[in-house]
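Notes follow the structure.
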Amino acid sequence: MITAECLTKQYGAFTAVDNVSFAAATGRITGFLGPNGAGKSTTLRIVVGLTRATSGTVRVTGRDYRDLVNPGLEVGVLLDASAQHAGRTGREILTIAQQTMGLPRSRVVETLTLVGLTEREAGRRVRDYSLGMRQRLGLATALIGEPEVLILDEPANGLDPAGIRWMRDLLRGFADAGGTVLLSSHLLHEIEVIADDLVVIGQGRIVAAGSKTELLSSAGTLVRAAQLETLDTALRAADLVTTPIDGGLRVDATPELVGRTALSAGVPLRELRAADGAGLEEMFLELTAETAREGAAA
Amino acid sequence: MTTASMTTAALTPKIPISGATASHARPRTIAPIPLGRLVKVELRKMFDTRAGFWLMASVLIVAVLASAAVIVWAPDAEITMATFSTAMGMPLSVVLPIIAILAITSEHSQRTGLTTYALVPWRGRVITAKIIAVVLVGVASMFFSLAVGAVSTLVASAITGLDPVWDVTISEFSHITLANILGMMMGLTLGVLLRGSAAAIVGYFVYALVLPGALGTLAFYQEWFLDLQPWVDVNYAINRLFEMSMTTQAWQQLAVTSLVWLWIPLAIGLRAFMRAEVK
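Chains as they are written, first to last, in this note's numbering: chain G, 1 to 298; chain V, 1 to 279.
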């Protein structure tokens with residue numbers, strides 16, 4: 001369980017994190033979604049005490065992170081997989097974590113196996129690792145203490161589709177066993193595959209939060225037809241809000257209502273379905289459009 | 001993080017984590033991280049990269065090369081324990097502070113601080129562990145060079161056929177050790193103040209090589225500064241430790257100059273370091 005209340009971080013006149021409140025529930029994977037530079041990483045650094053908030057509080061398993069006596073055993077943290085000494089081997093980096101937490105030596109090999117790094121890969125220096133391997137090593141550092149909470153910043157970055165699927169299964173198992181997962185991403189598709197709950201952030205502010213199902217159902221219906229204009233007119237006449245999308249329409253209504261409207265207007269449909277992925281993507285773009293900064297650095 | 005709460009954390013008995021707060025993990029006891037373990041980890045981090053390993057090895061290499069140079073080039077009559085000690089002292093006084101600087105700054109330049117300070121969020125304890133580790137390395141290096149010096153004296157005496165001359169006293173040895181530890185503390189200070197490896201190393205060379213020359217020149221041309229220099233110039237004060245010319249007044253001068261040049265900047269640097277954002 002992670003709860004953030006009214007977190008604000010100001011750098012001079014610039015407000016990087018603006019009155020952010022959210023909760024990541026036990027047994028669920030919470031996705032922290034936002035474009036680059038939205039304040040995701042700053043928020044996560046505040047959660048683990050690396051950055052001081054200008055105001056607001058955050059609690060991890062009910063306590064301030066700095067009150068944990070051996071944080072690695074309770075909270076697994078991966079903030080940047082590339083933030084490692086390039087001259088150390090993967091095994092050495094994991095051994096440092098193991099010794100800091102005071103774990104038995106055997107945990108190093110166990111955890112390497114868990115994240116799918118072979119003995120040979122573990123013996124290589126991190127400068128020769130691909131981003132995907134660094135993510136696995138970073139995840140190993142987070143998991144080695146068998147924590148009950150995971151805080152991961154862009155963990156799927158650099159993973160191939162099979163890697164993302166592997167990570168989803170790993171995190172799913174972790175959450176199902178009663179763990180809490182908070183992970184960030186700037187890619188909707190990534191987070192859609194993994195998360196149960198979503199917190200969407202844009203320019204430092206929370207713009208939407210809720211379970212994925214909730215946010216999906218509010219995304220409406222996707223409909224396609226040859227006579228799109230006739231259908232659009234009929235739907236608008238029925239007081240429904242429509243948005244053009246990919247040669248079709250997204251309608252803020254249930255598929256049943258859209259179908260009935262099309263039937264009474266006599267328009268044959270090509271496709272009619274809940275606008276899950278596409279709708280959420282549109283929502284994401286819409287929610288962040290006014291706050292998105294094209295090409296801005298993270 | 002204050003010293004008081006650090007101590008509390010270190011003394012707190014094992015805190016049982018009940019099933020209520022840890023639904024995921026099986027009930028287990030989580031003990032605070034003892035300082036000794038952090039010192040061990042920091043020592044390990046000083047050796048476990050190629051750069052770190054060779055930096056440490058350079059201490060040994062420098063000691064052996066300097067001794068060999070004395071045996072080969074110094075006039076036979078002047079080959080004494082003190083000559084070896086002086087020959088090794090100068091290069092060591094450069095290498096040891098760099099070791100101290102990198103112990104602090106590599107967390108920033110390599111960004112490992114993201115992991116280090118997330119695993120141990122009380123930065124005061126990490127810095128304390130780093131300072132202890134650095135001092136241990138400094139003292140160990142001094143004893144190692146003492147051993148090299150002793151062996152070299154015996155070897156030289158065997159070569160020249162003259163009696164070995166043991167002209168380094170315990171007090172002299174401890175003065176030199178203290179001087180080197182102060183040099184390492186200066187490295188730590190520059191590390192926490194500047195936080196970048198390159199900037200801190202350049203800063204150290206300015207302090208150790210440029211500043212003495214500048215102040216020496218000032219004292220040479222400006223008579224009013226000549227009397228003032230011992231009270232202002234920390235290098236001057238530390239050099240007297242190396243030269244074994246300590247008097248009561250010299251100790252007072254060392255205290256005053258090191259307070260201004262070393263301890264106060266270190267305190268300011270540490271304070272900023274505790275509050276700084278780790279990125």
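The C-beta atom is built at its ideal place from N, Cα and C for all residues, glycine as well.
Query: By DSSP, does residue 82 of chain G sit in helix, in strand, or in coil?; Result: coil
Query: When the Cα atoms are used, what is the spatial distance from residue 51 of chain G to residue 258 of chain V?; Result: 32 angstroms
Query: When DSSP labels each residue in this structure, what does residue 253 of chain V get in the three-state scheme?; Result: helix
Query: So, residue 17 of chain G versus residue 43 of chain G, is the Cβ gap smaller than 8 angstroms?; Result: yes
Query: Measure the C-alpha to C-alpha separation of residue 128 of chain G and residue 237 of chain V and round it to an integer number of angstroms.; Result: 47 angstroms
Query: Give the straight-line distance between the Cα atoms of residue 267 of chain V and residue 127 of chain V, rounded to the nearest whole angstrom.; Result: 12 angstroms
Query: In the DSSP assignment, what residue or residues form a beta bridge with residue 220 of chain V?; Result: DSSP lists no partner for residue 220 of chain V.
Query: How many angstroms separate the CA atom of residue 229 of chain V from the CA atom of residue 250 of chain V?; Result: 12 angstroms
Query: Let me know if residue 175 of chain V comes out buried or exposed under the rule of 16 or more other beta-carbons within 10 Å of its beta-carbon.; Result: buried
Query: Hey, out of G:113, G:138 and G:70, whose CA is closest to residue 102 of chain G's CA?; Result: G:70
Query: For residue 85 of chain V, which residues in the same chain have their Cβ closer than 6 angstroms to its Cβ, ignoring the five residues on either side in sequence?; Result: 149 and 168
Query: Reducing DSSP to helix, strand and coil, say where residue 249 of chain G ends up.; Result: strand
Query: Cα-Cα, which of G:5, G:191, G:87 and G:233 is closest to residue 54 of chain G?; Result: G:5
Query: If you measure from the beta carbon of residue 102 of chain G to each beta carbon in chain V, is any gap under 8 angstroms?; Result: yes
Query: What are the boundary residues of the alpha helix (DSSP H) that includes residue 282 of chain V?; Result: Residue 282 of chain V falls outside the range modelled here, since chain V spans only 1 to 279, and no answer is possible.
Query: With DSSP collapsed to three states, give me the class of residue 88 of chain G.; Result: coil
Query: Hey, is residue 51 of chain V's beta-carbon within less than 8 angstroms of any beta-carbon in chain G?; Result: yes
Query: Take the Cβ of residue 170 of chain V as the centre, count every other Cβ of all protein chains shown within 10 Å, and call the residue buried at 16 or more, exposed below.; Result: exposed
Query: Among residues of its own chain, excluding the 5 on either side of residue 234 of chain V, which ones have a beta-carbon nearer than 7 angstroms to its beta-carbon?; Result: 257, 258, 261 and 262
Query: For the segment 241-255 of chain G, enumerate the residues whose C-beta is nearer than 9 angstroms to any C-beta of chain V, in chain order.; Result: none
Query: Taking 8 angstroms as the threshold, find out whether the segment 111-122 of chain V comes into contact with the segment 68-79 of chain V through three or more Cβ pairs.; Result: no
Query: If you reduce the DSSP assignment to three classes, tell me which class residue 167 of chain V lands in.; Result: coil
Query: Is the Cβ of residue 144 of chain G closer than 8 angstroms to any Cβ of chain V?; Result: no
Query: Which term fits residue 98 of chain G, buried or exposed, when burial requires 16 or more other beta carbons within 10 angstroms of its beta carbon?; Result: buried
Query: Where does residue 279 of chain V fall in DSSP's three states?; Result: coil
Query: Roughly how many angstroms lie between the CA atoms of residue 262 of chain G and residue 245 of chain G, to the nearest whole one?; Result: 17 angstroms
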